[in-house]
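Peer 1:
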Amino acid sequence: MQFGSLIGMLIIGALAGWLSGKIMQGRGFGLLGNIIVGVVGAFLAGMIFPALGFAAGGGFFWSLIHATIGAVILLFLIGLIRKAG
81 MQFGSLIGML IIGALAGWLS GKIMQGRGFG LLGNIIVGVV GAFLAGMIFP ALGFAAGGGF
141 FWSLIHATIG AVILLFLIGL IRKAG
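If you count by the working numbering, then the sequence shown holds residues 81 to 165, one letter each, in order.
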C-alpha cells in the first residue's frame with residue numbers, strides 16, 4: 081500500500097464515519113473513532129455488496145458512498161449490541 085492510498089483511505093474513512101454519525105443521529109465516536117468506523121464500514125461494504133450482487137464504479141464519490149453505508153450498518157450493529165448489554 082502506498083502512502084497516498086493510505087491517506088486517501090483515512091480521509092474517506094473519516095468522512096464516512098462523520099456522515100454515518102450524522103445519519104445515525106449522533107452515534108459517532110469522535111475523530112479517531114469515526115475514522116475506524118469508516119474504514120471498517122468500507123471493509124464491510126466491500127464484502128457485503130458484492131455478495132448481494134451490487135457493484136458500483138470506482139472513484140472518490142462511490143468509495144465514500146460505500147464506506148458510509150458500511151459505517152451506518154456498523155453503527156446500527158454496535159447500537160444493537162449496546163442495547164442488549
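The beta-carbon is built from N, C-alpha and C at its ideal position, and this holds for glycine as well.
Quick check on residue 94: does DSSP put it in helix, strand or coil?
Peer 2: Residue 94 falls in the helix class under three-state DSSP.
Peer 1: Expressed to the nearest angstrom, what Euclidean distance is found between the alpha-carbon atoms of residue 91 and residue 135?
Peer 2: When rounded, the distance between both Cα atoms is 22 Å.
Peer 1: Just to confirm the assignment, what range does the alpha helix (DSSP H) spanning residue 162 have?
Peer 2: Taken as a continuous stretch (DSSP letters only), the alpha helix (DSSP H) holding residue 162 covers 140-164.
Peer 1: For residue 62, does the count of other Cβ atoms within 10 angstroms reach 16, so buried, or fall short, so exposed?
Peer 2: Residue 62 is absent from the model: the chain starts at 81 and stops at 165.
Peer 1: Which of the three DSSP states is assigned to residue 135 in this structure?
Peer 2: Residue state, collapsed to three classes: coil.
Peer 1: Going by the CB atoms, is the gap between residue 89 and residue 156 shorter than 9 Å?
Peer 2: Taking 9 Å as the Cβ cut-off, residue 156 and residue 89 do not qualify as a contacting pair.
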